[in-house]
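Quick note: the sequence shown uses the working numbering, first residue 647, plus one each step. Heads up, the thing below is written out as structure tokens.
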Amino acid sequence: MKKLQIFDPALCCSTGVCGTEVDQALVDFSADVDWLKHAGGQIERFNLAQQPMAFADSAVVKGFLEHSGAEGLPLILLDGEIAMAGRYPTRKELARFAGLSESLPHPPDIPCCYWMRQVPTTAKSRAT
């Protein structure tokens, strides 16, 4: 399976879904990352404010920052090579990058990560 690495600009928390003015694009992307992980995709996120050494330790990322600056982030690497920069990929693009089927089921339209915390139906029926 292909490995995706997301190098985020400096965010207030690991997902950027915090603070008083939440960026809807970050909310959507965080949900898409959770979806990809749940579907078996390999994805890591690095936040410039919280993990600066991850940026410095990668020659590809370091070179990108020297050329484009932090304004060029987010940077998406696929197996160590630049796949996209300047915006977050869509769920469809994430699936393609990861080599997963685009027809995988989508979680219900509810807040990020909520659907992953639900007890499976089989466990609910055993409890009753």
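A virtual CB, placed ideally from N, CA and C, is assigned to each residue, including glycine.
| field | Distance, His684 Cα to Leu721 Cα | value | Answer to the nearest angstrom: the Cα atoms are 22 angstroms apart.
| message | Under 8 angstroms: do the region 738-749 and the region 671-682 share three or more Cβ pairs, one atom per stretch? | response | Because the criterion of three Cβ pairs below 8 angstroms is met, the region 738-749 and the region 671-682 touch.
| query | Buried or exposed: which applies to Pro735, given that a residue is buried once 16 or more other Cβ atoms fall within 10 Å of its Cβ? | reply | Pro735 should be labelled buried.
| task | Quick one: give me the first and last residue of the alpha helix (DSSP H) that Met647 is part of. | result | Run containing Met647: none; DSSP gives neither H nor E here.
| field | Counterpart residues of Leu724 in DSSP-defined beta bridges | value | Answer by DSSP bridge pairing, in chain order: Leu650, Glu727.
| request: Pull up the DSSP beta-bridge partners for Gln688, would you. | output: Gln688 has Lys649 as its beta-bridge partners, per DSSP.
| said: Please report the straight-line C-alpha distance between Ser714 and Ala705, rounded to a whole angstrom. | reply: Cα atoms of Ser714 and Ala705: separation of roughly 14 angstroms, rounded to the nearest angstrom.
| How many whole angstroms separate the CB atoms of Arg737 and Asp669, which I take to be in contact at a CB cut-off of 8 angstroms? | At roughly 17 angstroms, the Cβ-Cβ gap does not stay under 8 angstroms, so Arg737 and Asp669 are not in contact.
| field | Pick from Arg733, Met647, Ala731 that is closest to Gly687, judged by C-alpha positions | value | Closest by alpha carbon: Met647.
| From Phe710 to Gln651, what distance separates their C-alpha atoms? | When rounded, the separation of the alpha-carbon atoms in Phe710 and Gln651 is 14 angstroms.
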